[in-house]
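Participant: Take -18 as the starting number for the sequence shown in the working numbering and just add one per residue. All C-beta atoms in this analysis are idealised placements derived from N, C-alpha and C, irrespective of residue type, glycine included.
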Amino acid sequence: MSDVIAAIATASGEGAVAIVKISGSGADKVASQLFFRENFEFSAAEPNKLYLGTVRAGRVEDKAFAVIFRAPKSYTGEDVVELQLHGGRVVAEAVLEAAVSFGARPAEPGEFTKRAYLNGKMSLSEAEGVEAIILADSEAEAVAAYRALGGELDRTIRLAGDILVEAAAMTDVALDYPEEMADEEKPQILGSLNEVKGILNSLIGTERDRKLVTDGISVVLSGLVNAGKSSLMNAICGAERAIVTEYAGTTRDVLRERLEINGIKVTLSDTAGIREGAEGAEKIGIARAEEAYKGADLVLFVMDGTEPEGEEEIALYRKISVKPNIRVLNKSDESKYPREADIIVSAVTGENLSALREMIAEKAGLKKGINPPLIRERGLHAAITALKAVEEAITALGRETPDCVAVDIKEALERLYSITGEDAKESVVEEIFARFCVGK
Ligand SMILES: Nc1nc2c(ncn2[C@@H]2O[C@H](COP(=O)(O)OP(=O)(O)OP(=O)(O)O)[C@@H](O)[C@H]2O)c(=O)[nH]1
Ligand SMILES: [Mg+2]
């Protein structure tokens, strides 16, 4: 039986409410020395119901709510008591300290979720979804994390696993009657292996989207001098970040700003306008600008609609067009020289800027609605090794004896189940939960 653990579950600092969680068999005994209410005993308390009372921890007292969740119907699968106190550091810390003096142990980072996993309340990939939702700092990331947390990844893995188990069973039959494998089982086994290969390929294929979700994309404003890049930077950020003047060659350094565009994390960079014959600091700025657009995921090629399209602009676009890009014709409010563009905007009036935001999100490849469940680095690596094993099984099926095929299928299965943790090694489990914050 596991010991009783306790932790402050809420973030430190001032806040309306602070929560102390106590989990384990005997959590109610610890809590009963902290929380008091007339005619109330935890042993007789109705689960999942809030009781208003008083907490006493040494000299500190507070009005508080207490709730008890009875095993196995709790987050950890054990008896859990939560004490909802007034926010701030002092009361919560006093209550935690008192809980420890009454026999609880301070929880390690992620220990509540680790217990939930060990007690079969959630899989490893769901637990990683919990971690990801806490760490999420964009809407898209939170949505993807919730899908992992909701078990979507588990269902995919289980489906692939079931097909592999069936293929392994067929290989087993062939082990007893090797001469029959060629005619009867082979095409079936091959069909199953190809099916799993397809599932894994699409899972790994979502990696780009996953990286978009977690890392965000880098978008660089580029173009000739005075096109209005800095003005667009400010308009998109909604703040006066970059210096704007009517003089050509204003921006020198690369100016980066992190923001969220339609739920996607974006690092937007303003760069020096590119022109021939620049000297000194401007020349260095242009070299940095070129470096920046070369490394971008998406380039916004900004053109000045009040100037005619010249050779210099055409030549620059030719260089930039090898990158994913959007041709933005700026200054629509005063535009005199229309030309081919993907979108016509005005940094000054704000015309079409929300359409530009949509276009950035779409070009980034993350259309609204497409949001694969989050698969953390560990899971992705396992999926790639599982795929390799499946491919080896397919090759072995054509050339080798059934026992070689069976070995490869077993390897694939082990890798797959390591994603959900059905057969995860202890060390992996330790490593995952150590990354969590205390109290989760
Ligand atoms: N009418 C109008 N003027 C604009 C618009 N956008 C920018 N400008 C003007 O164009 C001039 C240059 O704007 P910047 O934003 O500094 O242009 P830039 O591309 O960053 O210029 P460099 O940093 O020198 O390469 C300024 O006088 C702006 O006020 C627009 O949408 N409409
Ligand atoms: Mg500028």
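1) Could you pull the DSSP bridge partners for Phe16 from this structure?
2) Answer with buried or exposed for Leu33, where buried requires no fewer than 16 other C-beta atoms within 10 angstroms of its C-beta.
3) Since Asp143 and Ser104 are thought to touch, with beta carbons under 8 Å apart, how far apart are those beta carbons, to the nearest angstrom?
4) Under 7 Å from any heavy atom of ligand 2, does the C-beta of Gly425 make it?
5) Only counting the same chain, and skipping five residues up and downstream in sequence, which positions put a Cβ closer than 7 Å to that of Ser24?
6) Determine the extent of the beta strand (DSSP E) in which Leu64 is found, giving its start and end residues.
7) On a CA-only basis, which of Glu392, Ile400, Arg51, Ala117 is nearest Asp196? Give me that one, please.
8) What separation, rounded to the nearest whole angstrom, lies between the Cα atoms of Phe21 and Ala47?
9) If you drop the 5 nearest sequence neighbours on each side, which residues of the same chain put their C-beta closer than 6 Å to that of Ile267?
10) Determine, using beta carbons only, whether Ala345 and Asp251 come nearer to each other than 8 Å.
11) Comparing the CB of Asp314 with every heavy atom of ligand 1, is any distance shorter than 7 Å?
12) Opposite Thr248 in the DSSP bridges: which residues?
13) Start and end of the beta strand (DSSP E) containing Val309?
14) Report whether the distance from the Cβ of Val283 to the nearest heavy atom of ligand 1 is below 7 Å.
15) Consult DSSP for Pro53 and reduce its assignment to one of helix, strand or coil.
16) Alpha carbon to alpha carbon, how far is Asp43 from Asn29?
17) Would you check whether ligand 1 has a heavy atom nearer than 7 Å to the C-beta of Thr232?
18) With respect to 7 Å, is the separation between the Cβ of Ser203 and the closest non-hydrogen atom of ligand 2 below this value?
19) Just to check my reading of the structure: Ala113 and Ala129 have Cβ atoms closer than 8 Å, yes? What is that Cβ distance to the nearest angstrom?
20) Taking the beta strand (DSSP E) that Lys2 falls in, what are its first and last residues?
21) Mapping the DSSP letters down to three states, classify Phe23 as helix, strand or coil.
Facilitator: In brief:
1) Val36
2) Under this definition Leu33 is an exposed residue.
3) Wrong, their Cβ atoms sit about 15 Å apart, outside the cutoff.
4) This structure cannot speak to residue 425, because the chain is shown only from -18 to 421.
5) Asp9
6) 61 to 67
7) Ala117
8) 11 Å
9) Ala253, Ile255, Ala259
10) Ala345 places its beta carbon 8 Å or farther from that of Asp251.
11) yes
12) Ser199, Arg239
13) 306 to 311
14) yes
15) coil
16) 21 Å
17) yes
18) no
19) 7 Å
20) -2 to 4
21) helix
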